[in-house]
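*Asks:* Let me begin by handing over the structure; questions about it come next.
Residue numbers (my numbering), protein chains in the order written: chain S, 3 to 317; chain H, 3 to 317; chain L, 3 to 317; chain V, 3 to 317.
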C-alpha cells in the first residue's frame, strides 16, 4: 500500500480503539487477554524450559542517534574489595556489595507504554498529550500494565522462514509474510496473543560485535500495512528483535515512524522492542513448537512511558 | 537458639552448599527447581488471575539509613508538552515521550544476588569477595538467574495466621511459626519452592503514609534459626514484605544481619525483599489457595549484585 | 508595598530590561559589569585570602518539598580498595580511583540561569518559554555566563547588622534594611556589583544539624520591593544564603515566589542561592571590609537552567 | 631519559614531598601558593578580560576507552513547554524550568584530586590507598582544595612555539621544550604558579568535529622527565588541553601513565586536564602576555577524587 500522511490518518480512523474499553481505559489491547486465555496458556508449559528474552544490559547498542538515550550505567555502591580491605567492619558490620543502575527506559529490551507516542495533540483513548509532562505520564503510564503482560506467546520467525540469518535492512515484512510464516510454522494467531516477530537483525549485530546504527538506523521491520493485521487479529502486544519494530528507512518520507503514529495512539497496542530471540528461536526450530507461556512484567514505574524488561518465554 | 558469632560460624559450616552443584555453580539453591517442577507449577494457574508483587517505584521508602541508597529517580527525556509545543516536529518528526530511571538495585522490590553478601573474604561457592569490585561481580552476578526465577510459589501469611494486621517490630518468626502457618493454610512446602513470608509491616507503612525507618530500622522478620529450616526444605528462594527478611533488632549484637552472613554466602539462596503482598494475601485468604505459579525475572544486569523486580504470582 | 498579582505585573512593566542590550542578549544584568570594573575589583585583593562559598555537596538539604530535586549522589567508579586488591593491575595497569556525581543543578550553592523562570509564556528578553524543552534551553542558558561571573563582590550582612544570629523565618528584608546595612558597614553599592545578602538561616541549619524545610519552606529573605532596589542599583547579580532569595511565606498568596516572577524574566538578573557565608562574614566583621574580588564560574552546561558553583570571594 | 619501572621508582624517591608540609597535609604543592602570590597575581588583571577554560559539557569526548566514564547527561526536571501547557499553574504556581546533570568527575575539563592515583598501596603523603573506598576518599579528597585554586597562571603554548596547529600524537614535550617556550614567550616560571601547557590536540578534535580516541588514546603530552621540572620549579599545579597530560603512547610499556605514578602520589601535584585553551592562547599570542590571574574552584565534593571545573583566566 502507498504510505503517506493521508494513509496514516486513514489508518488512524479505521483502526481506532478509542472508547472501545471505556473512556478511562489505559491498557488498550491488553484488554484482549481474558483470564481463560492465561489458564489456557499455562497448558503450553510442557518441558519446563525457560527462555530469558532480555538482552544483557552491558551491550552498548545506544549510539546517540535517537533522543539522547544512553547505554545503561551500572555503578557500585559497595564492593567485595571494600569488604576485604575491612572498611565495612567498623561501620556497617556486614560485608556486602551493593549497586545501582541508571538507564533510559527504552534503551534495551523494553515495553513502550501507551504514553510513549502521540498523534497530533492526543495519546491513546483521546487523552491530551500534555498529560505527559516532566513529572511523567498522568495517563497511559506503564504502571497500568504491571500485571497484564501474561498470556500466550507466539514466535513468528520470519527470518528463518525466509531462509535467512537476518532480513536485510529496509525489508518491510508484509501481512502476507506474517501469514505465510505462521502457516509454515503450523501456528495459529489468536485474540489476546503476544506476537513476537524475529528478523535476525539483532543477532547479526551481536555476531559482528558491532551495534552500528541498530538504535535508530536502517533495519528490517514491519510494513505499515501490518497495523491492519494487528488490529484484525486482536493481538495483545506486538514485539520484535529490532530497535523500533517497523521497517527503516520508513515507507514514506512524510513522517518518521509512520506505523508508530497509528498503532500506539490509535490501536492502543503495547509494543515490545529489542527482544533477544536467539535461544528461543533455535528451540522453536528444533521442536517445531512456536507457542509458549509468556510473562514479561514491566517495572512498576508510575508515570513511566516504557519499561526495561526481561521477558520470559516458558515452554 | 542462642545467636552469636559462634552460632553464625556453626550454621555456616552445617548449612554450606559450597561445591554441591559443582565448583563453578553460581546460582545456588535455584538448582533445586527442576523442569518438572515448572511444569507442575503451571498447573496452579486455574483462575487466570495475576498479582504484581512489585511496589510502585515512586514510594519513598529509602531514608538513607543504609548504604547511601536513594529513592528511584524517574526523569523525562521527552514529553507530551514538548510534543504539543511543536518542538519535535522539525527535528524528530515523531511526537513522543521518553524517560529514564536511576535506582539502586535494592532500593525497592528486589532480588539479592549471591554476590551481595560475603562471609569473611568469600562469597557463595568459595569465590573470593574481591571478584566483586567497582566493575561489578565477576562471579555470582544476578545475570546467572535471568531465566531461573520461575516455579511454584507459596505464600506463608504469618501475620494473618497470628491474627494481626502486622507483626510487631522485633518479632522473630520461628521455624515453628512457619510450620504452623503452612499447616493452618493447608499448604505443603516442597523442594524448589519460592516461599514468600508476609509480616504485614509494609502494608502498615503504606496505610500510615509513612515509611519511617522501614529501610534499615526495626522490623519483624525471620529468626536466625530459619536458616536451618530453609536448608532442610531445599527452598529455591525466600522472600518477605520487609526490607531485609530477618528480624531487627537482630538477635545478637555481635554481628549486623547475622542470618544474612549464612544464608547468602553459605546456603547460596537468592533472597527477595520488599515484596508487595496485600492483594495476593487477600486473594489467598479468600480462596484458601496459598500456592501459585511464580515468575519473577530479574533485569539482565551482568555483574549485578541484585535486581529490581516486579514478581508475578499467577493463580 | 502591597504585593499581589497586580503589583507583580506593575513591577514587570516598570523594571523590564527587555531589549536594553539588544534583541539577542542572553545575559541580562551581567552586562552591567564593564572590563574596568573587573580591573578595579582586582584591587580589592589585598590580603591574598580566599573564601569558598560553596556548601559541601554531602549536605542533605533537599527534602523533596520542591520539584523532585534530590541530594547529590556521589558514586565511585574505581577505588583504592580495588587497587590494593590488585584488580586493576592486569587491566588498567594504573592504580587509581575515579568517581561521578549526579545532581540537580540547583540542589545546593548555585546560579539560576535566565532560562529558569518564566512570566506567562515568556522568559527574559521576550524569548518564548517553549524554547526550554526536554533538550534544554535554546535561549538564556547558563553557558552564556561562562566567563561573566567575575567582578566586585559586596557582602550585606543583614543578620549581623540586626544583631541576630539568623533572621527569623518570614522576615522580609526591605530596601531600607539593605541601605542601612550598607551604610553601617561603610560600603557603597555600585553598578555591576555582585551583592550577597546574609540572613544567617543556613548557618542555623548547619548548627542545628537539621536542614528541616530549608529547601522550599519558610525563610527570611528579600521583600518584593527589593526588585526595585536591584534595578535601581544596576546590580550584576544578587545572592543569598537561603534556598530561594526571597522571603517565605511570600508576601502574597496570589503567586508563588512573586519576586522571582519579576527579577529573572523581566530584570534579567542572575540569582545566586544557598551561598555558604559563615567564614566570609566573620572575616568581614573582623576587618570591616565588606567588598572583595568575586569569581564564581558556572559549569559550562549548554542549555543549562542553572549551575552548581563554588564561588570564590578573594580579599 | 630511559623510562621504565626502575625510573619510576627512582623518580618517586627523588621527588617525594611526603611529610614536607606535615603528616596531615592533603593539598600537596598547592602549599606553594602564598597569600602574597595571590595579591601579586591580582596585579595581572589589566584588561578586565575573562577567559573560560571549561569545555562545553555537551562535547562527546568520552568514547568508553577508559574506566567506564560516560559523557555528561543533562536532563530536565521541568520545562518551559510544561509551563506554557499550564501544567505548573495549579501545582507549583510558578512557571519554571529545572534540570540535573550526571557526570564522571573527570569526563571533561577537570582537576584530579590527590586521591586519584596510587603508587603501590599508598597515595600522597603516605596515606593508605584503602582510605578511598566506595564511600569516597577519606583523605586527599578534592574538598581540601576548595579555596586553593587561585594564583598566577602561565600559559606555555608549546604548539604555537613549535609553529604547529597541534603537536602530533606521541610527541613528548621535554623540559627543554618547556624552557624554550617560556623563554620565547618572555615569561618566567615561578614558585606557586599554575602552569598550563597547550598542545593544540583538543582544538584539532573540535575542528575535525571528531573526538576519536582523545579520551585515552594517543596524544602529545608531557615527557616523563617533566616530573623533575615540575618539582624543581615548585609549581602549584600543572594543566594541559589533553585528556591525561602525559604523552601517549607512554614512553614505556612497563606501566600505564608512568608520569602519573609519580607526580600525583609522590609530588602531590594537582593536575588539570582537558582545558579549553583556544581563546586564551589567541589572546596571549596577540598581546604577548602569557601570565594572568587564575581562578579555578573545584566543586565542593567531600571525598571527591576529582572535580569538573570551568577555570577562569583573567587578564
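Yeah, the Cβ is synthetic: ideal placement off N, Cα and C, and Gly gets one too.
This structure is a prediction, so every number in the text was calculated from the model and none was measured.
1. Applying the criterion that 16 or more other CB atoms from any shown protein chain within 10 Å of the CB defines a buried residue, is residue 22 of chain S buried or exposed?
2. Give the residues of chain S in contact with residue 89 of chain V, contact being defined as C-beta atoms less than 7 Å apart.
3. For residue 295 of chain H and residue 287 of chain H, I'd like the C-alpha separation in whole angstroms.
4. Per DSSP, residue 315 of chain H forms a beta bridge with which residues?
5. Residue 111 of chain V and residue 56 of chain V look like a contact to me (Cβ under 8 Å); what is the Cβ gap, rounded to whole Å?
6. Using a Cβ-Cβ cutoff of less than 6 Å, which residues in the same chain neighbour residue 53 of chain L once the five nearest sequence positions on both sides are dropped?
7. If I measure Cβ to Cβ from residue 77 of chain L and keep anything under 7 Å in the same chain, skipping five residues before and after, which residues do I get?
8. According to a CB-to-CB cut-off of less than 7 Å, which residues of the region 88 to 117 of chain S neighbour chain H?
9. Considering only C-alpha positions, which residue in the set V:24, V:86, V:94, V:3 is nearest to residue 218 of chain L?
10. So, is the C-beta of residue 122 of chain V closer than 8 Å to a C-beta in chain H?
11. For residue 39 of chain L, which residues of its own chain have a beta-carbon under 7 Å away from its beta-carbon, when the five flanking residues on both sides are left out?
12. Which residues in chain V have a C-beta closer than 8 Å to the C-beta of residue 176 of chain H? List them in chain order.
13. What are the start and end residues of each continuous alpha helix (DSSP H) run of 4 or more residues lying completely inside the region 262 to 286 of chain L, in chain order?
14. Could you check which residue in H:88, H:272, H:134, H:25 has the C-alpha nearest to that of residue 236 of chain H?
15. Tell me whether residue 98 of chain H sits in a helix, a strand or coil according to DSSP, three-state version.
16. Could you check the C-alpha separation between residue 301 of chain L and residue 306 of chain S for me, to the nearest Å?
17. Less than 8 Å between CB atoms is the rule here; does residue 314 of chain H satisfy it with respect to chain S?
18. From the DSSP output, in three-state form, read off residue 207 of chain H for me.
19. Would you decide whether residue 244 of chain V is buried or exposed? Buried here means 16 or more other CB atoms lie within 10 Å of its CB.
20. Do residue 203 of chain V and residue 225 of chain V come within 8 Å of each other at the CB atom, strictly closer than that value?
21. With 16 as the cutoff for other CB atoms within 10 Å, does residue 260 of chain H come out buried or exposed?
22. Ends of the alpha helix (DSSP H) at residue 39 of chain L?
23. Using three-state DSSP, classify residue 303 of chain V as helix, strand or coil.
24. At the 8 Å Cβ level, is residue 179 of chain S part of the contact set with chain V, yes or no?
25. Applying the criterion that 16 or more other CB atoms from any shown protein chain within 10 Å of the CB defines a buried residue, is residue 255 of chain V buried or exposed?
26. Does DSSP put residue 87 of chain H in a helix, a strand or coil?
27. Quick check on residue 125 of chain V - is its C-beta less than 8 Å from some C-beta in chain H?
28. Where residue 258 of chain V and residue 206 of chain V are concerned, what is the direct C-alpha to C-alpha distance, given to the nearest angstrom?
29. I need the DSSP call for residue 234 of chain S, collapsed to helix, strand or coil.
30. Should residue 128 of chain V be labelled buried (16 or more other beta-carbon atoms within 10 Å of its own) or exposed?
31. Strictly below 7 Å CB to CB, what residues from chain S border residue 81 of chain V?
32. Taking contact to mean at least 3 C-beta pairs separated by less than 8 Å, is the region 59 to 66 of chain S in contact with the region 58 to 75 of chain H?
33. Quick check: the Cα distance between residue 104 of chain L and residue 75 of chain L, rounded to an integer number of angstroms?
34. Taking 8 Å as the cut-off, decide whether the C-beta atoms of residue 223 of chain V and residue 246 of chain V are in contact.
35. Name, please, each residue of chain L whose Cβ falls closer than 7 Å to the Cβ of residue 75 of chain H.
36. Can you tell me the Cα-Cα spacing of residue 242 of chain V and residue 248 of chain V, whole angstroms?
*Replies:* On the basis of the data shown:
1. The residue in question, residue 22 of chain S, is exposed, as its Cβ has fewer than 16 Cβ neighbours within 10 Å.
2. What residue 89 of chain V touches in chain S: 132, 135.
3. When the Cα atoms are used, residue 295 of chain H and residue 287 of chain H turn out to be separated by approximately 17 Å.
4. Answer is H:53, H:296, bridged to residue 315 of chain H.
5. At roughly 4 Å, the Cβ-Cβ gap stays under 8 Å, so residue 111 of chain V and residue 56 of chain V are in contact.
6. 281, 282, 315
7. 101, 102
8. 94, 95, 96, 97, 98, 99, 100, 101, 102, 103, 104, 105, 106, 107, 108, 117
9. V:94
10. no
11. Non-local beta-carbon contacts of residue 39 of chain L in its own chain, meaning distances under 7 Å to residues more than five positions away in sequence, involve 153, 154, 194 in chain order.
12. Within chain V, no residue comes near residue 176 of chain H; the closest Cβ sits about 36 Å away, beyond 8 Å.
13. The qualifying runs do not exist here; there are none.
14. Considering only alpha carbons, the answer is H:272.
15. strand
16. Spanning the two alpha carbons is a distance of roughly 30 Å.
17. yes
18. Here residue 207 of chain H carries a helix assignment [DSSP, helix/strand/coil].
19. buried
20. no
21. buried
22. Boundaries of the alpha helix (DSSP H) harbouring residue 39 of chain L: 37 to 44, taken from the DSSP string.
23. Look at residue 303 of chain V here: in three-state DSSP terms it is coil, with no helix or strand label.
24. no
25. exposed
26. helix
27. No, because no Cβ of chain H sits closer than 8 Å to the Cβ of residue 125 of chain V.
28. 25 Å
29. helix
30. exposed
31. 136
32. With a cut-off of 8 Å, the region 58 to 75 of chain H and the region 59 to 66 of chain S do not count as touching, because too few Cβ pairs lie within range.
33. Rounded to the nearest angstrom, the two C-alpha atoms are 5 Å apart.
34. A contact, by the Cβ cut-off of 8 Å.
35. 72
36. 9 Å
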